[in-house]
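There are 2 protein chains.
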Amino acid sequence: MDKIAVIVAGGSGKRMGSEIPKQFLLLGGQPVLMRTMRAFHDYDPEITIITVLPADQVRYWETLCRNYRFNIPHKIVPGGKSRHDSVKNAVAAISPGAIVAVHDGVRPLVSVALIQTCFDTAAILGNAIPVIDIPESIRRVDGEKSKSADRSAYRLVQTPQVFRSELLIRAFRQPYDPSFTDEANLVEADGNHIYLVKGQPSNIKLTTTLDIQIAEAILESGSDE
Amino acid sequence: MDKIAVIVAGGSGKRMGSEIPKQFLLLGGQPVLMRTMRAFHDYDPEITIITVLPADQVRYWETLCRNYRFNIPHKIVPGGKSRHDSVKNAVAAISPGAIVAVHDGVRPLVSVALIQTCFDTAAILGNAIPVIDIPESIRRVDGEKSKSADRSAYRLVQTPQVFRSELLIRAFRQPYDPSFTDEANLVEADGNHIYLVKGQPSNIKLTTTLDIQIAEAILESGSDE
């Protein structure tokens, strides 16, 4: 089956306290987004990579690719107003009969092993979502009140979220709902069982400047657990 | 009011993949536990520090203190079978009329500002628990099934958890229940409203070898956010 990776890089950089959108910041001397794309290329050099970028960042990206001699083949799709719209734009170009990973552009530390597990599981079961345990106590809040909750009943959800393309194409036909915060929720709302696989704690999402420094440390440690 | 910090260092080191219990591993050239205690000393040099240590680690700790010329005054209380028992042992030595922080020995990056906020809030409201937003989507699991949950309704709970000592002493008189995973739950079960304050994302709990490397990176970045 054809394999496709949709890499979603929608960040405008406002949250990073930096002029440069976070997907372009350097990690180990290389722009974050290039590392992310390389992970999928390393998993399978034949994979089709579709990268969703805000339209006003495409020219900058092309310059970066020249400067860093980045030669992993990929298509660029312009992002929408939200993550949901962005992924929808990418999925519009996908045919049935493929397996599609949707992955955050700012999760560059994803291991080849995790990508493999997700694709293998989705090939058999239809989808695969990586999750990890919550490492601390949690509380449920409700206005001014809060109450202890059982952390062992919850998981943190990562990407890549991998689906048979038919499931994803059909799920995007649903009218938009604010609960569609990721593709797992979207496909679940369309009536599918969601299959969880063991995620990778070091597969962190880079959303703050501190996260970039943490990612550098993980990179130096060589950990992909 | 008297201020007391109960520092709970119960780790046996098994989870760290290391012979040395994690509270004794070096962070920036200094044992983790010393850094943790120093944060409370820096907040208020007059604070009473009570450190709970497994009985078989006390001698090792005393040697470490000599080797590192660690001269922050503190009392050592032997740990119990569980975290709950350990803190109970420490609270048994505390009088009413004080404000007590209970803090994980393996959270050395706690900022003076966060300690101050927790003590100030507990002095007025009776208790203060630092929490941070959950940075990723979450799912609720139930056997083979799982369902998306609204992460905005949940918070990750950190320490120091700070209480007027009367609340803590009374709460420990309750018969033990497995839901008492932290002091907030314990004091809540005794009929008290729990007050949440804004925690510190970099105040991480060191539970894996990777966490130590992440903590080094945070330390080098100078961040206390």
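As they're listed, the protein sequences go chains A and B.
Positions 1003 to 1227 (our numbering) are the ones given, in order, by the first sequence.
Positions 1003 to 1227 (our numbering) are the ones given, in order, by the second sequence.
For each residue, glycine too, the CB sits at the ideal point set by N, CA and C.
This structure is a prediction, so every number in the text was calculated from the model and none was measured.
- None of the residues of the segment 1051 to 1067 of chain B has a beta carbon lying less than 9 Å from any beta carbon of chain A.
- The beta carbon of residue 1134 of chain A sits closer than 6 Å to those of 1158, 1201 and 1203, all from its chain and outside the five residues before and after it, given in chain order.
- DSSP, read as helix, strand or coil, puts residue 1166 of chain A in strand.
- For residue 1156 of chain A, at least one C-beta of chain B is nearer than 8 Å to its own C-beta.
- Flagged as an interface residue toward chain A: residue 1183 of chain B, by a C-beta distance shorter than 8 Å.
- Residue pairing from DSSP places residue 1148 of chain A in a beta bridge opposite A:1143.
- For residue 1038 of chain A, no Cβ of chain B is located within less than 8 Å of the residue's own Cβ.
- For the options B:1047, B:1216 and B:1224, the alpha carbon positioned closest to that of residue 1223 of chain A is the one of B:1216.
- Here residue 1095 of chain A is exposed: its Cβ has fewer than 16 other Cβ atoms, across all protein chains shown, within 10 Å.
- Near chain B, meaning a CB-to-CB distance below 8 Å, the residues of the segment 1183 to 1207 of chain A are 1183, 1184, 1186, 1187, 1190, 1195, 1196, 1198, 1203, 1204 and 1207.
- When secondary structure is reduced to three states using DSSP, residue 1040 of chain A falls in the helix class.
- Residue range 1085 to 1093 is occupied by the alpha helix (DSSP H) that includes residue 1086 of chain B.
- Here DSSP, grouped into helix, strand and coil, assigns residue 1025 of chain B to helix.
- In the structure shown, residue 1032 of chain A falls within a strand segment according to DSSP collapsed to helix, strand and coil.
- Within chain A, 1137 have C-beta atoms less than 9 Å from the C-beta of residue 1209 of chain B, given in sequence order.
- Counting only runs of 3 or more residues that sit fully inside the segment 1167 to 1212 of chain B, the beta strand (DSSP E) segments are 1198 to 1200, in chain order.
- Among the bridge pairs identified by DSSP, residue 1129 of chain A is matched with A:1165.
- Assignment of residue 1062 of chain B by DSSP, reduced to helix, strand and coil, places it in the helix class.
- A residue is called buried once 16 or more other Cβ atoms fall within 10 Å of its Cβ, and residue 1126 of chain B, having fewer, is exposed.
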